[in-house]
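Residue numbers (this note's numbering): 353 to 438.
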């Protein structure tokens, strides 16, 4: 018996395979933070590559209604940045 499906992206739609939320969904974000807990820079490099792929694929699918660059940045990278409080 297999477990629940992993929260991976369905390309080129960039929706979560498990919950259909825009990827990375909340569960995928938590999983990525766990997997890259000791190397945040590697996580950001990985997510930056995925952001590049997603921007191109989403624009190809619908060039007139693709997400704005700032929306994609927040979705793929913004949540993973280290926040420093003063």
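Even glycine gets a Cβ: it sits at the ideal position worked out from N, Cα and C.
Taking the CB atoms as reference points, tell me whether residue i and residue j lie closer together than 8 Å.
{"i": "residue 410", "j": "residue 429", "result": "no"}
{"i": "residue 359", "j": "residue 383", "result": "yes"}
Rounding to the nearest angstrom, what Cα-Cα distance links residue i and residue j in this structure?
{"i": "residue 386", "j": "residue 401", "result": "19 Å"}
{"i": "residue 388", "j": "residue 422", "result": "24 Å"}
{"i": "residue 427", "j": "residue 394", "result": "17 Å"}
{"i": "residue 435", "j": "residue 367", "result": "26 Å"}
{"i": "residue 381", "j": "residue 391", "result": "15 Å"}
{"i": "residue 375", "j": "residue 412", "result": "17 Å"}
{"i": "residue 397", "j": "residue 354", "result": "31 Å"}
{"i": "residue 418", "j": "residue 433", "result": "24 Å"}
{"i": "residue 420", "j": "residue 399", "result": "17 Å"}
Nearest to residue i by alpha carbon, out of the options?
{"i": "residue 414", "options": "356, 357, 365, 355", "result": "365"}
{"i": "residue 362", "options": "433, 432, 406, 419", "result": "406"}
{"i": "residue 431", "options": "378, 355, 408", "result": "378"}
{"i": "residue 408", "options": "398, 424, 433", "result": "424"}
Can you give the beta carbon distance from residue i to residue j, rounded, assuming they're within the 8 Å contact cut?
{"i": "residue 370", "j": "residue 357", "result": "4 Å"}
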